[in-house]
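According to the working numbering, the sequence shown holds residues 11 to 360 in order.
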Amino acid sequence: MDLLDHDLDRDFAVLSEDFETVLALESLGVKPHDVALLTIANRWVAREYYGEGGVALGKRITKDAAKAALRGAATGTKKLSSHLANTFMEWAKARDGQIRAKLADATSKGENLRGRTAKLQSHVLGLKSLVKHDVKTGSWTSKVCQEDKVNVQACIQLAHGHASLDDIVEAYTVFTKSVLKGPAKREGNGLTKLGNSTAKAVKRASGILGLLHTKAVDGYPLPGNVFVVVSNPQTRTERVQFAVARDGEYGDAIPSLSLQQCKDALNAAETLSKAIYQRGTKRGVFSYSGIYDNIQSIEGELDRDDISNREVHEITQRYKNAIEIEDAITTALVRVTEGLLEYVQRSIKS
């Protein structure tokens with residue numbers, strides 16, 4: 011399920027920092043040929059803006075996207091911040107292809123997991139008892155963990171509560187478009203539906219993501235050993251990321267599941283696999299396609315005189331946040347389903 015290009019995420023982070031620098035310099039009246047502005051321009055937009063010819067938009071953004079970023083960019087008629095605002099939208103387009111590939115992968119995964127679940131359910135149905143034994147751990151074990159500890163009950167509970175998580179994605183997606191209607195502030199913290207932020211989750215995710223500053227960071231642990239982190243929560247610069255921990259706090263072996271636990275785990279896997287399939291096929295405001303449809307409708311309004319370059323940046327960051335939350339939830343659903351099926355399969359083998 012890891013089909014999104016993390017290099018593209020790093021591009022976005024650098025682009026955001028460059029954008030803030032450019033806005034600050036332009037507000038001070040710095041001329042276009044300033045070394046700092048020229049360096050940033052060469053990194054992202056047309057050098058012909060400075061009379062040098064050529065294009066440098068970023069290695070991972072396509073040539074077509076580069077050409078699009080030059081649209082209407084006559085020499086000296088457009089501030090660098092405006093060019094970068096266009097580049098934010100090109101970043102969104104570059105992400106779209108990856109999103110659609112992941113969408114197809116989720117649908118395929120859901121179908122496969124449903125089939126595997128049905129086969130195990132048929133086998134377990136004929137069993138009257140199971141002999142308790144130790145199960146060897148491996149890379150699969152972190153998929154049934156929450157905050158690094160094996161927690162099958164939390165994984166099973168995800169099947170009962172996953173639908174409410176869609177509300178979070180929907181809220182972020184709707185909030186993205188609200189920028190166009192004027193200053194908007196999301197009421198409350200929608201991520202509390204993920205549970206409580208914990209210091210351990212912040213520390214674990216920060217180590218994986220390489221976050222240096224954790225003072226204004228919330229961290230939410232999900233089953234499947236997935237961690238959602240929010241930097242500068244409830245502010246204009248709010249940034250959502252997620253991390254997957256592929257190990258945990260367990261030894262070389264863990265106890266096998268009881269027969270009833272196997273049945274409960276398979277019922278949960280059935281529900282989750284259906285949910286994964288539906289996330290890949292449905293169209294709506296909180297599906298991947300719904301998020302992208304939203305950003306396309308926004309793009310058509312970006313030429314409005316009352317929308318600033320900073321608002322374009324903010325819209326794109328909110329769009330990215332919506333994708334990250336959807337991606338984190340889908341990743342958790344897939345990992346938990348795979349982990350539960352593997353645990354059951356190993357438990358019924360004596």
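Backbone N, C-alpha and C fix where the C-beta goes; we use that ideal spot for every residue, glycine too. In this text, all values refer to a predicted model and were calculated from it rather than measured experimentally.
Specify the secondary structure class of residue i as computed by DSSP and reduced to three states.
| i | result |
| --- | --- |
| I264 | strand |
| L269 | helix |
| V32 | helix |
| V346 | helix |
| V8 | With the chain covering only 11 through 360, there is no way to say anything about residue 8. |
| R249 | strand |
| V179 | helix |
| S26 | helix |
| E259 | coil |
| V55 | coil |
| V40 | coil |
| G107 | helix |
| K330 | helix |
| H170 | helix |
| F98 | helix |
| T281 | helix |
| H93 | helix |
| T224 | coil |
| K203 | helix |
| Q244 | coil |
Measure the alpha-carbon distance for residue i versus residue j and round it to whole angstroms.
| i | j | result |
| --- | --- | --- |
| T247 | I333 | 16 Å |
| D17 | L267 | 40 Å |
| L35 | K89 | 11 Å |
| L130 | L123 | 11 Å |
| T151 | A95 | 43 Å |
| V367 | L222 | No statement about residue 367 is possible, as the shown extent of the chain runs from 11 to 360 and does not include it. |
| D44 | I50 | 10 Å |
| N331 | V250 | 5 Å |
| S207 | Q156 | 13 Å |
| D28 | T127 | 48 Å |
| G217 | P231 | 14 Å |
| S92 | T341 | 35 Å |
| V179 | K138 | 42 Å |
| L168 | D274 | 12 Å |
| G120 | T245 | 36 Å |
| G198 | H143 | With a pLDDT of 49 at G198, under the threshold of 50, the modelled position of this residue cannot be trusted; read the value that follows with caution. For G198 and H143, the distance between alpha carbons rounds to 47 Å. |
| I325 | T31 | 18 Å |
| N319 | L351 | 48 Å |
| V65 | R53 | Its pLDDT being 38, under 50, V65 is placed unreliably by the model, and the measurement read from it follows with that caveat. Their Cα atoms are separated by approximately 9 Å. |
| G211 | V322 | For clarity, residue 211 is Ala in the given sequence; the question names Gly instead. Spanning the two alpha carbons is a distance of roughly 31 Å. |
| L201 | G39 | 40 Å |
| D177 | L135 | 35 Å |
| A23 | E100 | 14 Å |
| A116 | Q270 | 29 Å |
| V354 | R105 | 36 Å |
| N235 | K153 | 6 Å |
| E348 | I286 | 12 Å |
| R289 | P42 | 46 Å |
| L343 | E280 | 11 Å |
| L80 | L276 | Reliability of the predicted coordinates at L80 is poor, the pLDDT of 38 falling under 50, and no value is obtained from them. |
| V145 | F98 | 49 Å |
| K103 | E336 | 17 Å |
| D228 | S132 | 42 Å |
| N161 | R328 | 32 Å |
| A114 | G107 | 11 Å |
| L204 | H170 | 13 Å |
| C272 | D21 | 44 Å |
| S149 | A181 | 34 Å |
| S26 | L33 | 11 Å |
| T224 | R356 | 39 Å |
| S386 | R110 | No answer is possible for residue 386: the residues shown for the chain start at 11 and end at 360. |
| K284 | T147 | 27 Å |
Can the beta-carbon of residue i be found closer than 8 Å to that of residue j?
| i | j | result |
| --- | --- | --- |
| I358 | A278 | no |
| V346 | P233 | yes |
| L219 | A253 | yes |
| G261 | K159 | no |
| A226 | S241 | yes |
| A215 | V239 | yes |
| I339 | L175 | yes |
State the start and end residues of the unbroken alpha helix (DSSP H) segment that holds residue i.
| i | result |
| --- | --- |
| G229 | No alpha helix (DSSP H) contains G229, which is instead part of the beta strand (DSSP E) from 227-232. |
| A255 | Per DSSP, A255 belongs to no alpha helix (DSSP H) and is neither H nor E. |
| V212 | 209-219 |
How far does the beta strand (DSSP E) with residue i in it reach, from first residue to last?
| i | result |
| --- | --- |
| S318 | No beta strand (DSSP E) contains S318, which DSSP labels as neither H nor E. |
| S241 | 236-241 |
Looking at residue i and the ligand COA, is the gap between the Cβ and the nearest heavy atom below 7 Å?
| i | result |
| --- | --- |
| C165 | Annotation note on the ligand COA: not contained in the displayed structure, which lists no ligands. |
Would you list, in sequence order, the uninterrupted beta strand (DSSP E) runs of no fewer than 3 residues that lie entirely inside the segment 111-165? 144-146
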